[in-house]
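Enquirer: Sequential numbering from 1 applies to the sequence shown in the UniProt record's numbering. Note that the Cβ used here is the ideal one computed from N, Cα and C, for glycine as well.
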Amino acid sequence: MAPAAMAFQALTFSPLHLPATRRRARVLAVAADQTPPPPQASPSEPANSPSRLLRELAQRKKAVSPKKKHPPRRFILKPPLDDERLTQRFLNSPQLSLKSLPLLSSCLPSSPLSAADRTWMDEYLLEAKQALGYPLAPSETLGEGDDCPARHFDVLLYLAFQHLDPSSERTRTRHVRNGHSRLWFLGQFVLELAFCEFFLQRYPRESPGPMRERVFALIGKKMLPKWIKAASLHNLVFPYDDLDKMIRKDREPPTKAVFWALFGAIYLCFGMPEVYRVLFEAFGMDPEEESCQPKLRRQLEDVDYVSVEFEKRQLAWQDVAAYRPPADALFAHPRLFRACVPPGMHRFRGNIWDFDNRPKIMNILGYPLPANDKIPEITEARNIELGLGLQLCFMHPSKYKFEHPRFCFERLEYVGQKIQDLVLAERLLMKHLDAPGRWLSEKHRRLLMNKYCGRYLRDKHLHHYIIYGETVQDRFEHNRRLRNPSTTAVQQAIHGLSYCVYGKPDVRRLMFEVFDFEQVQPKAV
Numbered sequence: 001m002a003p004a005a006m007a008f009q010a011l012t013f014s015p016l017h018l019p020a021t022r023r024r025a026r027v028l029a030v031a032a033d034q035t036p037p038p039p040q041a042s043p044s045e046p047a048n049s050p051s052r053l054l055r056e057l058a059q060r061k062k063a064v065s066p067k068k069k070h071p072p073r074r075f076i077l078k079p080p081l082d083d084e085r086l087t088q089r090f091l092n093s094p095q096l097s098l099k100s101l102p103l104l105s106s107c108l109p110s111s112p113l114s115a116a117d118r119t120w121m122d123e124y125l126l127e128a129k130q131a132l133g134y135p136l137a138p139s140e141t142l143g144e145g146d147d148c149p150a151r152h153f154d155v156l157l158y159l160a161f162q163h164l165d166p167s168s169e170r171t172r173t174r175h176v177r178n179g180h181s182r183l184w185f186l187g188q189f190v191l192e193l194a195f196c197e198f199f200l201q202r203y204p205r206e207s208p209g210p211m212r213e214r215v216f217a218l219i220g221k222k223m224l225p226k227w228i229k230a231a232s233l234h235n236l237v238f239p240y241d242d243l244d245k246m247i248r249k250d251r252e253p254p255t256k257a258v259f260w261a262l263f264g265a266i267y268l269c270f271g272m273p274e275v276y277r278v279l280f281e282a283f284g285m286d287p288e289e290e291s292c293q294p295k296l297r298r299q300l301e302d303v304d305y306v307s308v309e310f311e312k313r314q315l316a317w318q319d320v321a322a323y324r325p326p327a328d329a330l331f332a333h334p335r336l337f338r339a340c341v342p343p344g345m346h347r348f349r350g351n352i353w354d355f356d357n358r359p360k361i362m363n364i365l366g367y368p369l370p371a372n373d374k375i376p377e378i379t380e381a382r383n384i385e386l387g388l389g390l391q392l393c394f395m396h397p398s399k400y401k402f403e404h405p406r407f408c409f410e411r412l413e414y415v416g417q418k419i420q421d422l423v424l425a426e427r428l429l430m431k432h433l434d435a436p437g438r439w440l441s442e443k444h445r446r447l448l449m450n451k452y453c454g455r456y457l458r459d460k461h462l463h464h465y466i467i468y469g470e471t472v473q474d475r476f477e478h479n480r481r482l483r484n485p486s487t488t489a490v491q492q493a494i495h496g497l498s499y500c501v502y503g504k505p506d507v508r509r510l511m512f513e514v515f516d517f518e519q520v521q522p523k524a525v
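(1) For Met395, name the three-state secondary structure that DSSP assigns.
(2) Can you list, in chain order, the residues of its chain whose CB lies under 6 angstroms from that of Leu262, leaving out five sequence neighbours each side?
(3) What's the call for Tyr240, buried or exposed, on a 16-neighbour Cβ count within 10 Å?
(4) Beta-carbon within less than 8 angstroms of Glu252's beta-carbon, same chain only, minus the 5 sequence neighbours each way: which residues are those?
(5) Do you know offhand how far Arg297's Cα is from Arg212's?
(6) Evaluate Lys418 with the Cβ neighbour count: other Cβ atoms within 10 Å of its Cβ, from every protein chain shown; 16 or more gives buried, anything less gives exposed.
(7) Could you work out which residue in Lys256, Tyr203, Gln492 is closest to Val415 when comparing CA atoms only?
(8) Count the other C-beta atoms from every protein chain shown that fall within 10 angstroms of the C-beta of Ile247, then say buried if there are 16 or more, exposed otherwise.
(9) Would you mind giving the Cβ-Cβ distance between Ser110 and Gln95, rounded to the nearest angstrom? I have them listed as a contact below 8 angstroms.
(10) Give the C-beta separation of His152 and Cys269 to the nearest angstrom, bearing in mind that I take them to be a contact with Cβ-Cβ under 8 angstroms.
(11) For Ile378, does the three-state DSSP call read helix, strand or coil?
(12) Tell me where the alpha helix (DSSP H) around Glu192 begins and ends.
(13) Quick one: what does DSSP say Ile467 is sitting in, helix, strand or coil?
(14) Give me the Cα-Cα distance between His444 and Arg508, rounded to the nearest whole angstrom.
(15) Determine contact between the segment 507 to 524 and the segment 450 to 459, defined as no fewer than three beta-carbon pairs at a distance below 8 angstroms.
(16) Does the Cβ of Pro342 have 16 or more other Cβ atoms within 10 Å, making it buried, or fewer, making it exposed?
(17) Can you list, in chain order, the residues of its chain whose CB lies under 7 angstroms from that of His175, leaving out five sequence neighbours each side?
(18) Comparing C-alpha positions only, which one of Glu127, Met362, Arg481 sits nearest to Phe394?
(19) With distances taken between CB atoms, is the gap from Pro214 to Phe238 smaller than 9 angstroms?
(20) Let me check understanding here. Comparing Cα to Cα, which of Arg481, Glu123, Leu236, Leu183 lies closest to Leu433?
(21) May I ask you to report which of helix, strand or coil DSSP gives Arg446?
(22) Could you check what DSSP says for Ala47 in three-state terms: helix, strand or coil?
(23) Which value, in whole angstroms, describes the spacing of the CA atoms of Leu429 and Phe337?
(24) CB residue 535 to CB Ile467, shorter than 9 angstroms?
(25) How is Arg148 classed by DSSP in three states: helix, strand or coil?
(26) Contact between the segment 396 to 411 and the segment 131 to 148: three or more CB pairs below 8 angstroms?
(27) Whole angstroms are fine: how far does the CA of Lys431 sit from the CA of Glu84?
(28) Distance check for Ala282 and Leu233, CA to CA, integer angstroms please.
(29) If I measure Cβ to Cβ from Gly209 and keep anything under 8 angstroms in the same chain, skipping five residues before and after, which residues do I get?
(30) Here's the rule I'm using: 16 or more other beta-carbon atoms within 10 Å means buried, otherwise exposed. How should Phe355 be labelled?
(31) Looking at the structure shown, is Phe409 part of a helix, part of a strand, or coil, going by DSSP?
(32) In whole angstroms, what separates the C-alpha of Pro204 from that of Val190?
(33) So the alpha helix (DSSP H) Val507 belongs to, where does it begin and stop?
Structural data, given as structure tokens:
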């Protein structure tokens, strides 16, 4: 052990010699404590006295406290208006000025236009009217009395162009912001119904799938900037920006809102024929354009006849816009009925379903409605056609579609979807006068969800009468995932038939009285 211990004691620790270059260290930065030194306590006061602590706290706050952030003004609650001021506000509102035009009145601004609004109208409204092909005279000079809807066109046209611009104080005021959003809420459904009626009559043998593609290719949000520029309205929508240089997310939402609101205003003041004129003349839309054609698909051969008025030539938009049903017409929209219900449906007249189920369905729906026809044969013919239309509403595609493509509810379902959208939109606008369009849009979507449409039909026990093909009968009747979409489609087809035969008032009756879409009627216990 001794030699090892002696060897350990003999070890010496000499300092490590580094190269001269490594030993030289350069100081690049110095970290300094920014906290201010605590104030020196006077010798007379103790170290933990309250006054010294308060002085030190105040000094610290002065040095490190950040700026206070106040909440934005819109979140500061205001006291409610007293009864007198609230009454005055309602009495001065343009929305309550028209008793004979409730829908148009509900889309007017909630308070009178300000000087800033009038300034914009004086400066830009003539340009908009000229681009759309309207007379330049003030709209107040049109017609006689306030009951003429066209007299309010200037105000609604002004609101249509006021998309929400964060840099503009004028478009952020409540009456302008809500007025514009309510117009675009209505306008989107007006456009959908207009194209639905037009394409159903223009292509009497086509199924709704290709038609929806045509509509999307014409008025999808990607195409709307092109149409706004074609009508020379882009300078009114984007006065300070070049439309071609803007990115899509900045360009498309304002263009979509203005385009929809524009057609909401035109529909309220001039009706559906003027919607067609502006679409195809002012904006120059062409349904035969190459980019608007549906994708190629395997078409089922259609061997059945179409109505005589569709055989000779393809209808143009002028034919649809200028059409007026004759005085002794069987239906409210006779040509649309002929486009949806093929003449060959008469082969089903008097079959077992017609004898057994049709009277029960007509009894539940309240059909036929009382009519004031001078000739009894007209009433009888209408009721026969109504019965055939109802049979078509309950005819599922699995039954006859592959041999006879139009012997199913698809075309009536397409009309029904669009007319129920428009009817409910009008109802919500008249019911909620102060609601903005975005809130109305959400409520509209919740009320018309597909699962609810089918549920209301099933509540009336009408789903037992749907005519399925023999191969799929058991699957559809006992599988909820298959059954629910088909009951929804039948519900929408019934609305489409009621629109074609009796017009929009009957769709309202079915939706809000028979099926109770708003769920406000008392339920049987």
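Expert: Put simply:
(1) strand
(2) Ala160
(3) exposed
(4) Lys221, Lys222, Leu224, Pro225
(5) 14 angstroms
(6) buried
(7) Gln492
(8) exposed
(9) That belief holds up - the Cβ atoms of Ser110 and Gln95 are roughly 6 angstroms apart, short of 8 angstroms.
(10) 6 angstroms
(11) helix
(12) Element bounds for Glu192: 174 to 202.
(13) strand
(14) 15 angstroms
(15) yes
(16) buried
(17) Pro109, Ser110, Ser111.
(18) Met362
(19) The displayed chain sequence assigns Arg, not Pro, to residue 214. Cβ atoms of Arg214 and Phe238: not closer than 9 angstroms.
(20) Leu183
(21) helix
(22) coil
(23) 28 angstroms
(24) Lying outside 1 to 525, the shown extent of the chain, residue 535 is not represented and no answer is given.
(25) For clarity, residue 148 is Cys in the given sequence; the question names Arg instead. Taken through DSSP and simplified to helix, strand or coil, Cys148 comes out as coil.
(26) no
(27) 23 angstroms
(28) 10 angstroms
(29) Pro294, Arg297
(30) Phe355 should be labelled exposed.
(31) If DSSP states are grouped into helix, strand and coil, Phe409 belongs with coil.
(32) 21 angstroms
(33) 504 to 509
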